[in-house]
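Here's the structure we're looking at; comments come further down.
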Amino acid sequence: VPFVSKATGVPLARLASLVMIGKSLKELGFTEEPKIDYFCVKEAVLPFIKFTDVDPLLGPEMRSTG
1270 VPFVSKATGV
1280 PLARLASLVM
1290 IGKSLKELGF
1300 TEEPKIDYFC
1310 VKEAVLPFIK
1320 FTDVDPLLGP
1330 EMRSTG
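Here it is, written out as structure tokens:
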């Protein structure tokens, strides 16, 4: 949710909590999906600098968690 909210500029967690207490999306001014003219990419950052004794070649567990 944080990545999508940052990428689109829509506070999804806030909207979701207000919808759960009974507000409608229309009441909240959210009547259509946001139109964006750019791409967003989330990259995995693995802290190999902090762990100098660790093999930087990723094993199956690290590959799956990314």
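Be aware that the sequence shown starts at 1270, since it is given in our numbering, and climbs by one per residue.
Glycine is no exception: its CB is placed at the ideal position from the N, C-alpha and C atoms.
Note that the structure is a prediction, hence the values are computed from the model and not measured.
DSSP three-state call for residue i: helix, strand or coil?
i       : result
Thr1321 : coil
Lys1295 : coil
Leu1284 : helix
Phe1308 : coil
Thr1300 : coil
How about residue i: is its Cβ closer than 8 angstroms to a heavy atom in the ligand NAD?
i       : result
Lys1275 : Of the ligands one can find in the structure shown there are none, so the ligand NAD has no counterpart to examine.
Taking contact to mean 3 or more Cβ pairs, one atom from each stretch, closer than 8 angstroms, check whether the region 1274 to 1285 and the region 1303 to 1310 are in contact. yes
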